[in-house]
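Let me begin by presenting the structure, written as structure tokens, before commenting on it.
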Amino acid sequence: MTAYIWLIPVLPLLVFLFLIGFGSRLKQAAGYLASLAVAVSFVLSLYVLAEQWMMAGSFVRQVSWLTAGETTFSVGLEVNRLNALMLGIVSFVSLLVHIYSLGYMQGDERYGTYFAYLALFTFSMLGLVLSPNLLQTYIFWELVGLSSFLLIGFWYFKPEAREAAKKAFLMTRVGDVALFAGMILLFWQVGSFQFSEIFAAVDAGKIPSGMVTLTAILIFIGAMGKSGQFPLHTWLPDAMEGPTPVSALIHAATMVAAGVYLVARTYPLFEASETALLVVAAVGGFTAIFAASIGLVQTDIKRVLAYSTVSQLGYMMLALGAAGYTAAVFHLGTHAFFKALLFLAAGAVIHALHTQDIREMGGLWRKMPLTGWVFLIGALAISGIPPFAGYFSKEEILLATWESGHPFLFWLALAAVFFTSFYMFRLYFMVFAGAPQKEGLIRPIGREMSVPMIILAILSVVAGWVNTPWSHGLASWLSADQLTTSYAAPAFNGWITVLSVLLALGGIGLAFLMYYREALSPARLADRFSAVYQVLLNKYWIDELYRVTVVWLAVQMGRLLQWIDRWIISGLVALAGMLAAGVGRLGAGLQTGQVQTAHLVSVVGLVVLLLILTLGGVWL
Amino acid sequence: MDWTLIAFFVLAMVAIGGALYMLNLYKVVHMVVALAFTFFGLAGIYVLLEAEFIAFAQIMVYSGAITILMIYGIMMTRHDAEDIPIRRPVHTLFAVAGVGGLFVFLLYGIMTTPWQTPADKPLAENNVKELGLALFNKYVIPFELAAMMLLAALVGAVVLARREVED
Amino acid sequence: MVNLASYLSIAAILFCLGLFGVLTKRNAVIVLLSIELMLNAVNLNLVAFSKYGLFPGLDGQVFTLFSLTVAAAEASVGLAILIALFRNRGTAEVNEMDLMKR
Numbered sequence: 000m001t002a003y004i005w006l007i008p009v010l011p012l013l014v015f016l017f018l019i020g021f022g023s024r025l026k027q028a029a030g031y032l033a034s035l036a037v038a039v040s041f042v043l044s045l046y047v048l049a050e051q052w053m054m055a056g057s058f059v060r061q062v063s064w065l066t067a068g069e070t071t072f073s074v075g076l077e078v079n080r081l082n083a084l085m086l087g088i089v090s091f092v093s094l095l096v097h098i099y100s101l102g103y104m105q106g107d108e109r110y111g112t113y114f115a116y117l118a119l120f121t122f123s124m125l126g127l128v129l130s131p132n133l134l135q136t137y138i139f140w141e142l143v144g145l146s147s148f149l150l151i152g153f154w155y156f157k158p159e160a161r162e163a164a165k166k167a168f169l170m171t172r173v174g175d176v177a178l179f180a181g182m183i184l185l186f187w188q189v190g191s192f193q194f195s196e197i198f199a200a201v202d203a204g205k206i207p208s209g210m211v212t213l214t215a216i217l218i219f220i221g222a223m224g225k226s227g228q229f230p231l232h233t234w235l236p237d238a239m240e241g242p243t244p245v246s247a248l249i250h251a252a253t254m255v256a257a258g259v260y261l262v263a264r265t266y267p268l269f270e271a272s273e274t275a276l277l278v279v280a281a282v283g284g285f286t287a288i289f290a291a292s293i294g295l296v297q298t299d300i301k302r303v304l305a306y307s308t309v310s311q312l313g314y315m316m317l318a319l320g321a322a323g324y325t326a327a328v329f330h331l332g333t334h335a336f337f338k339a340l341l342f343l344a345a346g347a348v349i350h351a352l353h354t355q356d357i358r359e360m361g362g363l364w365r366k367m368p369l370t371g372w373v374f375l376i377g378a379l380a381i382s383g384i385p386p387f388a389g390y391f392s393k394e395e396i397l398l399a400t401w402e403s404g405h406p407f408l409f410w411l412a413l414a415a416v417f418f419t420s421f422y423m424f425r426l427y428f429m430v431f432a433g434a435p436q437k438e439g440l441i442r443p444i445g446r447e448m449s450v451p452m453i454i455l456a457i458l459s460v461v462a463g464w465v466n467t468p469w470s471h472g473l474a475s476w477l478s479a480d481q482l483t484t485s486y487a488a489p490a491f492n493g494w495i496t497v498l499s500v501l502l503a504l505g506g507i508g509l510a511f512l513m514y515y516r517e518a519l520s521p522a523r524l525a526d527r528f529s530a531v532y533q534v535l536l537n538k539y540w541i542d543e544l545y546r547v548t549v550v551w552l553a554v555q556m557g558r559l560l561q562w563i564d565r566w567i568i569s570g571l572v573a574l575a576g577m578l579a580a581g582v583g584r585l586g587a588g589l590q591t592g593q594v595q596t597a598h599l600v601s602v603v604g605l606v607v608l609l610l611i612l613t614l615g616g617v618w619l
Numbered sequence: 000m001d002w003t004l005i006a007f008f009v010l011a012m013v014a015i016g017g018a019l020y021m022l023n024l025y026k027v028v029h030m031v032v033a034l035a036f037t038f039f040g041l042a043g044i045y046v047l048l049e050a051e052f053i054a055f056a057q058i059m060v061y062s063g064a065i066t067i068l069m070i071y072g073i074m075m076t077r078h079d080a081e082d083i084p085i086r087r088p089v090h091t092l093f094a095v096a097g098v099g100g101l102f103v104f105l106l107y108g109i110m111t112t113p114w115q116t117p118a119d120k121p122l123a124e125n126n127v128k129e130l131g132l133a134l135f136n137k138y139v140i141p142f143e144l145a146a147m148m149l150l151a152a153l154v155g156a157v158v159l160a161r162r163e164v165e166d
Numbered sequence: 000m001v002n003l004a005s006y007l008s009i010a011a012i013l014f015c016l017g018l019f020g021v022l023t024k025r026n027a028v029i030v031l032l033s034i035e036l037m038l039n040a041v042n043l044n045l046v047a048f049s050k051y052g053l054f055p056g057l058d059g060q061v062f063t064l065f066s067l068t069v070a071a072a073e074a075s076v077g078l079a080i081l082i083a084l085f086r087n088r089g090t091a092e093v094n095e096m097d098l099m100k101r
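Protein chains in written order, with numbering that gives the first Met the number 0: chain A, 0 to 619; chain B, 0 to 166; chain C, 0 to 101.
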């Protein structure tokens with residue numbers, strides 16, 4: 000079986016290569032081909048996961064790729080429990096999104112190209128999780144960023160889409176630079192990119208502790224870029240310019256989770272440094288509250304979900320920082336399911352109504368009952384209501400933060416629970432309940448779109464049951480890997496559960512009052528706290544701040560370089576040209592057609608010859 | 000008082016002076032006359048060199064025939080022409096440099112070569128007779144060839160310069 | 000005392016003056032005339048060597064005779080060409096004849 004594991008990422012790669020060339024000719028068949036390939040990858044991934052579930056061993060297969068001096072870089076793949084779980088999640092959500100896209104992107108002109116890009120992304124993400132060393136991880140990391148860029152800017156004729164794609168790429172690039180720096184530092188210290196060797200060096204204490212903290216923080220900055228943590232978060236809401244299935248796959252379930260995955264993968268590095276863990280937790284916690292607060296007042300359905308994603312990723316980082324490794328990974332899995340579900344449902348709404356503004360929606364419960372049901376399930380899951388999946392994963396996180404020894408993290412997490420349920424149900428009530436704000440034709444959604452949503456809804460219910468506070472099934476399985484040096488299951492703390500559920504219900508209740516019953520008018524609240532409201536509505540003006548500082552600087556540098564290029568470099572080139580032309584013109588001066596000129600040339604030539612002969616010492 | 004020396008200097012002055020005048024005068028006819036003086040001077044120098052026949056041939060051919068020929072040419076083209084040099088600074092500069100350089104080389108060669116002065120024996124008492132003997136015995140073939148060349152030149156010149164027949 | 004070098008120097012001077020005339024003069028007749036001057040300088044050289052050279056004899060003078068002949072023939076043919084050209088172009092100036100210009 001291990002011989003076929005390499006097929007898992009390679010099949011989508013082959014599909015990508017094929018569709019890039021022939022996609023436009025295949026039309027409908029492109030989608031089916033891509034979905035088939037991903038389905039096969041999924042089946043293989045399930046097999047790998049099952050294997051890992053039964054047996055204990057993790058293994059690495061690699062071949063040496065290039066040798067520089069005495070060091071050899073190799074590529075290959077590694078399978079351990081974390082990997083296998085990620086493989087399953089990524090391939091499954093990718094498959095569902097492929098099937099959904101068959102319906103959503105129907106009729107689009109560049110249908111084949113879309114599936115090619117989706118296949119490229121799937122290949123990159125699967126390759127990322129299978130990498131056994133930092134170098135290969137970085138390569139796939141960049142590929143994932145590239146696929147994200149291509150997909151965000153898929154509708155390139157929209158200027159906002161182009162800008163958003165550029166912004167996403169550049170901002171994650173900032174993180175990538177830090178990741179690269181951390182990588183190089185580790186290589187310098189350890190002499191290898193292999194995870195196993197790096198962890199062994201850390202365990203043996205061969206790396207000075209300051210260096211460990213530094214590299215861990217640098218790697219975390221890379222993760223911050225990809226996972227949209229503050230202050231590198233502004234690209235994620237703008238990335239909603241891409242098609243909704245893309246948002247579901249990349250910006251909810253998988254790519255943004257790559258940051259969390261990276262930290263989890265290099266966890267021994269973080270465990271060795273208290274400072275790094277604190278930084279991770281603090282940034283994560285702050286982001287969770289920060290993004291949730293912005294999401295409270297946004298009016299674009301996809302943007303609310305985007306800020307929700309940023310907030311939930313902050314949750315995962317918070318868990319990682321509080322030494323809740325399994326809690327974070329667990330939440331990653333459940334979040335993938337219910338966030339993808341929410342995005343796909345939002346996509347169905349957008350597909351039906353042709354608008355993304357929730358102020359224009361309402362009363363969709365009667366007209367789109369299926370969508371309404373699955374959205375409700377997703378909202379309940381994310382709010383942490385038992386027995387849905389989100390409750391169990393959030394429980395783990397809360398328990399981990401409670402036991403972390405930094406109680407203020409715990410209170411942050413708890414506050415975020417309230418915010419999450421509030422904005423989620425605000426969304427739900429404004430879209431599905433109440434009276435319709437806008438009349439219009441509702442386009443029905445096909446089976447390709449509804450079936451994936453149903454599957455995800457089912458998963459959002461049951462996925463949490465693999466790791467309950469009573470039987471830590473997933474946790475103990477995951478941590479039996481040598482990846483975490485120590486793991487102690489947090490003890491079940493009854494009052495935390497009660498508190499969190501109460502807060503969640505409180506959030507739902509408040510949203511109910513404000514948006515369903517209209518007992519508390521949101522408009523009047525906005526007026527009373529208008530300063531706060533403006534700050535939240537304008538996203539704390541972070542985008543504007545970036546524009547006048549970082550962007551302005553970059554633009555000025557670009558102008559300077561452009562000036563240099565135009566005048567100095569092109570000037571040199573033009574100078575060379577003018578030189579050649581000048582010499583040519585000089586030579587042409589000899590061709591006057593007059594006899595005397597030719598005669599003069601021969602006389603001068605004779606004199607020069609005599610000169611050479613004299614000075615050369617040959618004189619008859 | 001070495002009369003040959005004085006004669007040499009005078010004749011040399013005439014020859015070179017004629018050439019210089021030729022280069023610097025404006026009217027074309029004047030230039031031709033100046034060159035005729037040069038030819039006369041050279042004929043005198045030939046006499047000093049004991050080449051009397053050559054001297055007379057020089058006067059007859061050069062100062063006689065060729066000078067008149069040139070004046071014919073002038074009359075048939077533009078007899079009132081002036082040769083005012085046009086401003087071609089680069090060309091003139093290179094010309095002066097080239098000619099000057101060549102002159103320097105020639106003088107250098109002349110002055111530094113160790114010429115041997117053999118005994119000053121007289122060439123021949125009877126220059127014309129000796130020349131005739133050499134010409135018709137040793138150099139008869141070039142003589143005949145020269146004759147044929149003159150014929151060719153004659154015919155060629157006539158063909159080239161005649162007017163086209165108006166049909 | 001007049002020796003070989005003096006005669007050769009005169010010949011060199013005349014030669015260079017003739018060369019300068021060929022290179023610089025505008026009227027074609029003058030150019031031909033300068034060529035004749037150059038040929039004269041060569042003749043002087045030959046005659047001087049014939050008397051003062053390594054092997055004094057009459058050979059130099061015979062050579063001179065032939066050179067004279069050729070020069071005369073060449074002058075006449077040159078002038079014929081010049082006249083034909085003058086009839087065609089209407090001008091006897093060397094720098095007006097630049098059909099081979101670039």
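Glycine included, C-beta positions come from ideal geometry on N, C-alpha and C. Quick caveat, the model's predicted, so the values are computed rather than measured.
For residue i: DSSP bridge partner residues
i               : result
N26 of chain C  : C:E92
L76 of chain A  : A:R60
S356 of chain A : Reading off the sequence, residue 356 of chain A comes out as Asp, not Ser. Answer is A:D299.
Q193 of chain A : A:N132
A40 of chain C  : None, per the DSSP bridge assignment.
Interface residues of chain C facing residue i [CB-CB closer than 9 Å]
i               : result
V707 of chain A : It is not possible to answer for residue 707 of chain A, since the shown part of chain A is limited to 0 through 619.
E124 of chain B : Here the premise fails: no neighbours, minimum Cβ distance about 13 Å.
Straight-line gap, residue i to residue j (C-alpha atoms, nearest Å)
i               : j               : result
G106 of chain A : I88 of chain A  : 29 Å
L234 of chain B : W114 of chain B : Past the boundaries of the shown model lies residue 234 of chain B; chain B is included only from 0 to 166, so the question cannot be answered.
Y260 of chain A : V572 of chain A : 49 Å
M210 of chain A : F219 of chain A : 14 Å
F428 of chain A : G361 of chain A : 8 Å
I53 of chain B  : L64 of chain C  : 7 Å
N79 of chain A  : W476 of chain A : 11 Å
S382 of chain A : L397 of chain A : 13 Å
Proximal chain B residues relative to residue i, where beta-carbon distance stays under 7 Å
i               : result
L571 of chain A : Neighbours of L571 of chain A on chain B: none; closest Cβ ~30 Å, over 7 Å.
DSSP three-state assignment for residue i, whether helix, strand or coil
i               : result
D175 of chain A : helix
D299 of chain A : strand
N125 of chain B : coil
N466 of chain A : coil
I82 of chain C  : helix
K26 of chain B  : strand
L65 of chain A  : strand
T70 of chain A  : strand
A432 of chain A : coil
M210 of chain A : helix
Chain-ordered neighbours of residue i on chain A, where CB pairs are closer than 9 Å
i               : result
K100 of chain C : Q590, T591, G592, Q593
Residue interval of the alpha helix (DSSP H) (run including residue i)
i               : result
E141 of chain A : 133-151
E394 of chain A : 388-401
F229 of chain A : That residue, F229 of chain A, is in no alpha helix (DSSP H); it is neither H nor E in DSSP.
I444 of chain A : Looking at the DSSP string, I444 of chain A is not in any alpha helix (DSSP H), and its letter there is neither H nor E.
Chain B contact residues for residue i, given Cβ-Cβ distances below 8 Å
i               : result
L609 of chain A : G100, L101, F104
Interface partners of residue i on chain C, CB under 7 Å
i               : result
V600 of chain A : Under the 7 Å cutoff, chain C gives no residues; its nearest Cβ is about 10 Å from V600 of chain A.
Contacts of residue i in chain A (Cβ-Cβ under 7 Å)
i               : result
H29 of chain B  : Simply none; closest approach about 22 Å.
G211 of chain B : Outside the displayed span of chain B (0 to 166) sits residue 211 of chain B, for which this structure offers no information.
Contacts of residue i in chain B (Cβ-Cβ under 9 Å)
i              : result
N94 of chain C : I85, R87
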